[in-house]
């Protein structure tokens, strides 16, 4: 049965439990959710790691032939099975044809990136002329900032969230230094309120309203890497532009995770990587967006020959005919082997659609949230019980698939015990474990199994923490 568009995930879980005449935490609920999942077959498009192949695994705790609980698509997505096929096609073409591969086949190397642009448009909500597939995320961020950040004596700040992803932070610092600006005065960091983990939209908008006349560029994450908070990009864009700011986003944790409408939102520029939710492998081909309204006014500060119009590129007359818009920012020829892995993944997205994936993701992560709150919330009757808190916003509109968990005991042993049991997630200082059920290849039963493995891991971690405590007392 399809859930009502207005039905919250917790209500869906309870409704199905009622139909099955069982408790909402019963395994049968997870199995029913998987039965009703119209996207479940896409799991077969990916290689799912086996328990026996994971380096930290304790084979005494698991069935070595079972598939791992892979909740780390927010860091590195799983490999689409067609990647090998597409790589072999291009390697075979290179072996048999040499340089002729530049011009023939379904991915002619000279336009390899352009052959898959159409698959990217719905994912980011832009037209093909607004998208370029090139470089890595931070390289693209630098290229975009060189063109969009033009400080003046009155408008010289860059606004970003405090504790942004380090690479963004470093990039902005270096851009400010490049212009000879004082970092402390020019880098405007907005922090959460005292005692809160995430930012309130009203606080972001207040800073923009009060300080916007001195802000040249607003550069926010679309979705925060640590907290999992999804920022209100249309509202930030509208407010920033009303004050004369240019507005850009790092979409590393948003692309392929939530629905994006960059063109309709009027975002000035954006960039993203592809190895997380877009499943292209470590160091995969990144992307950049420049709104078409800037096509004739914003030029690349650094130019290479792939920013030159293809029709005259090989005349070699050294007379630049720059491609308008973001594709003029391309510097070198596309790495065809990286194009292959992106192609394999984007074809899956085209079949699944972002709208359907987001619908499943809301329910999948909502089910995870429901189970965590049921099993691990504060219980006054059990003062020694380990409490698990979710710092990611609970509102569906304010998050993607990731939940960041914090614990009432140190996470060192918790994380180790999860890894031993075949749960692939990650920890981030000071006390967070990030888990991200990805709708393309994770199931509701994965969530159910994760909860039971977390219960077991916490039992072992509590014992080890207790042993450490008593050992320290005896010293």
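In our numbering, the protein residues as written are 2 to 476.
Note that the Cβ used here is the ideal one computed from N, Cα and C, for glycine as well.
Here the structure is a predicted model, which is why all the values come from computation and not from measurement.
query = Mapping DSSP to helix, strand and coil, what is residue 135?
reply = coil
request  = Tell me whether the beta-carbon of residue 277 lies closer than 9 Å to the beta-carbon of residue 76.
outcome  = yes
message = The alpha helix (DSSP H) that contains residue 359, what's its start and end?
response = 355 to 377
query = Is residue 425 helix, strand or coil when you go by DSSP?
reply = strand
Burial state of residue 241, where buried means 16 or more other Cβ atoms lie within 10 Å = If you draw a 10 Å sphere on the C-beta of residue 241, you find 16 or more other C-beta atoms in it, and that means buried.
query = Where do the N-terminal and C-terminal ends of the alpha helix (DSSP H) with residue 251 fall, by residue?
reply = Taken as a continuous stretch (DSSP letters only), residue 251 belongs to no alpha helix (DSSP H), being part of the beta strand (DSSP E) at 247 to 251.
ask   = What separation, rounded to the nearest whole angstrom, lies between the Cα atoms of residue 207 and residue 73?
value = 35 Å
query = Between the Cα of residue 435 and the Cα atoms of 392, 257, 162, 290, which residue gives the shortest distance?
reply = 392
message = Which residue wins for smallest C-alpha separation from residue 296, given the options 273, 322, 326?
response = 326
Spatial neighbours of residue 416 in its chain, beta-carbon cut-off 7 Å, leaving aside the 5 residues before and after = 428, 434
task = Would you mind listing the beta strand (DSSP E) stretches within the stretch 109 to 154 that are 3+ residues and don't spill past its ends, in chain order?
result = 132 to 134
ask   = DSSP on residue 76, reduced to helix/strand/coil?
value = coil
task = Look at the alpha carbon of residue 247 and the alpha carbon of residue 155, and state the distance between them as a whole number of angstroms.
result = 15 Å
query = Can you name the start and end residues of the beta strand (DSSP E) that residue 332 belongs to?
reply = No beta strand (DSSP E) contains residue 332, which DSSP labels as neither H nor E.
query = For the beta strand (DSSP E) that contains residue 99, what are its first and last residues?
reply = Unbroken run through residue 99: none, as it is neither H nor E.
inquiry  = By the three-class DSSP mapping on this structure, what secondary structure does residue 260 have?
reply    = coil
task = From the DSSP output, in three-state form, read off residue 213 for me.
result = helix
inquiry  = For residue 420, count the other beta carbons within 10 Å of its own beta carbon; 16 or more makes it buried, fewer makes it exposed. Which is it?
reply    = Classified as buried, residue 420 has 16 or more neighbouring CB atoms from the shown chains inside 10 Å of its CB.
inquiry  = Rounding to the nearest angstrom, what Cα-Cα distance links residue 224 and residue 401 in this structure?
reply    = 8 Å
task = List the residues that DSSP assigns as beta-bridge partners of residue 51.
result = 68
ask   = Any idea if residue 369 is buried or exposed, counting beta-carbon neighbours within 10 angstroms, 16 or more meaning buried?
value = buried
message = Count Cβ pairs between the stretch 353 to 365 and the stretch 131 to 143 that sit closer than 8 Å; are there 3 or more?
response = no
key: residue 388 - DSSP class collapsed to helix/strand/coil   = coil
query = Ordered along the chain, which non-local residues of its own chain (more than five positions away) have a Cβ less than 7 Å from that of residue 3?
reply = Low confidence applies here, because residue 3 scores a pLDDT of 46, under 50, leaving its location unreliable; read the following figure in that light. So no residue of the chain qualifies.
inquiry  = Run through the DSSP bridge pairs and tell me what residue 436 is partnered with.
reply    = 404
inquiry  = By the three-class DSSP mapping on this structure, what secondary structure does residue 3 have?
reply    = Note that residue 3 scores a pLDDT of 46, beneath 50, so its modelled location is shaky and nothing firm can be said.
query = If you run the structure through DSSP and keep just helix, strand and coil, what is residue 327?
reply = helix
Buried or exposed (CB count within 10 angstroms, at least 16 for buried), residue 346 = Burial is judged here by how many other beta carbons sit within 10 angstroms of a residue's own beta carbon; residue 346 has at least 16 and is buried.
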